[in-house]
Amino acid sequence: MSLSESERQIIVCRELEKADRTFDDVLFCSKEAKWETAANRLYYALFHAMSALLVNDGYHVKSHRGILAMFGEHYVKTEIFSKKDGSLLSDLVIMRDNADYNCFFEADEEKLTPYIDPTRQLIEKIKQYITDNHV
2 MSLSESERQI
12 IVCRELEKAD
22 RTFDDVLFCS
32 KEAKWETAAN
42 RLYYALFHAM
52 SALLVNDGYH
62 VKSHRGILAM
72 FGEHYVKTEI
82 FSKKDGSLLS
92 DLVIMRDNAD
102 YNCFFEADEE
112 KLTPYIDPTR
122 QLIEKIKQYI
132 TDNHV
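Shown next as structure tokens:
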């Protein structure tokens, strides 16, 4: 898929806006003790920021696992982002899968709270990277 520069900018901007709105959902769900929904929203906030990152840099991904692989290959292995950032994404994928599909998994404050601030920080790092490396 080939995008014009203006199309790319629009998609990147919209994905980042969606990341922010979705992260706001995390905070709301946390206050309401809706932990399974918070786990889902936490992953999707980062997913939308990652989508913006990949589109910004000209990559096309068709799946959630593809985003995980592309982030590892193009950003973690090249040390643009840290292994800790890659691990955070992996952890959130697993947590979201469990919260959404595993009836024996119980998301709770203790499991989710340690991921909230690191996710916010990674989203901010992605925004800064995009600002500094606008194609």
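Counting in the working numbering, the sequence shown runs from 2 upward without gaps. Just so it is clear, CB atoms sit at the ideal spot from N, CA and C, and this is done for glycine as well. Bear in mind that the values here come from a model prediction, so they are computed numbers and not experimental data.
Candidates the options: closest to residue i by CA position
i	options	result
H65	E80, K84, L90, V77	L90
E8	G59, Y44, D98	G59
M51	D25, L4, L93	L93
Run of the alpha helix (DSSP H) containing residue i, from where it starts to where it stops
i	result
T38	36 to 57
N99	84 to 102
D26	6 to 32
F106	From DSSP, F106 is part of no alpha helix (DSSP H); its letter is neither H nor E.
G67	65 to 72
Expected contact under 8 angstroms - CB spacing of residue i and residue j to nearest Å
i	j	result
A46	I124	6 angstroms
Is the region 108 to 118 close to the region 24 to 33, with three or more CB pairs under 8 angstroms? yes
Contact between the region 120 to 132 and the region 98 to 107 (3+ Cβ pairs under 8 angstroms): no
Do three or more CB pairs link the region 37 to 44 to the region 66 to 75 at distances below 8 angstroms? no
Within 8 angstroms, do at least three Cβ pairs link the region 74 to 82 to the region 12 to 25? no
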